[in-house]
Amino acid sequence: MEHEHIVYILKCNDDSLYTGYTNNLKRRIHLHETGKGAKYTRGRGPFQLMHVETFATKEEAMRREYAIKQLSRTEKIKLIKESEEGV
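See below:
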């Protein structure tokens with residue numbers, strides 16, 4: 001688990017979506033919740049974890065994070081729904 005590289009999508013309290021990268025999801029969500037995570041998420045909690053993808057390397061995860069950030073909100077919601085359905 002310590003070598004996992006994780007890309008995640010959080011739903012913020014204001015209904016916006018935040019995409020991030022970490023190698024320790026529990027710690028990273030705690031940082032977001034306490035206002036010490038990304039600047040974007042400060043004051044936007046509480047958060048709901050909507051989507052998680054794991055990768056073997058940081059490079060793969062960073063590429064995926066960038067790709068997700070390029071998606072429109074509609075496309076991100078579709079990605080979340082597909083992952084919930086196991087597509």
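Numbered per full-length UniProt numbering, the sequence shown finishes at 87, counting up by one with no gaps. Yeah, the Cβ is synthetic: ideal placement off N, Cα and C, and Gly gets one too.
Per-residue DSSP class, three states only, for residue i
| i | result |
| --- | --- |
| residue 10 | strand |
| residue 71 | coil |
| residue 3 | coil |
Cα-Cα separation, residue i to residue j
| i | j | result |
| --- | --- | --- |
| residue 1 | residue 57 | Any reading at residue 1 must be qualified, since the residue scores a pLDDT of 48, below 50, and its modelled position is unreliable; the value itself is stated next. Cα to Cα, the separation comes out at about 12 Å. |
| residue 85 | residue 51 | 12 Å |
| residue 28 | residue 67 | 20 Å |
| residue 72 | residue 55 | 23 Å |
| residue 40 | residue 3 | 26 Å |
Beta-carbon proximity check, residue i vs residue j, cutoff 7 Å
| i | j | result |
| --- | --- | --- |
| residue 23 | residue 45 | no |
| residue 7 | residue 64 | yes |
| residue 18 | residue 61 | no |
| residue 70 | residue 11 | no |
Proximal residues to residue i (C-beta, below 6 Å), its chain only, five neighbours per side dropped
| i | result |
| --- | --- |
| residue 42 | 35 |
| residue 9 | 17, 19, 50, 51 |
heavy atom of the ligand MN below 6 Å from residue i C-beta
| i | result |
| --- | --- |
| residue 69 | Questions concerning the ligand MN fall outside what the structure shown contains, since it holds no ligand whatsoever. |
Original post:
Between the stretch 26–40 and the stretch 76–83, are three or more C-beta pairs nearer than 8 Å?
Top reply: Between the stretch 26–40 and the stretch 76–83 there are fewer than three C-beta pairs closer than 8 Å, too few to call the two in contact.
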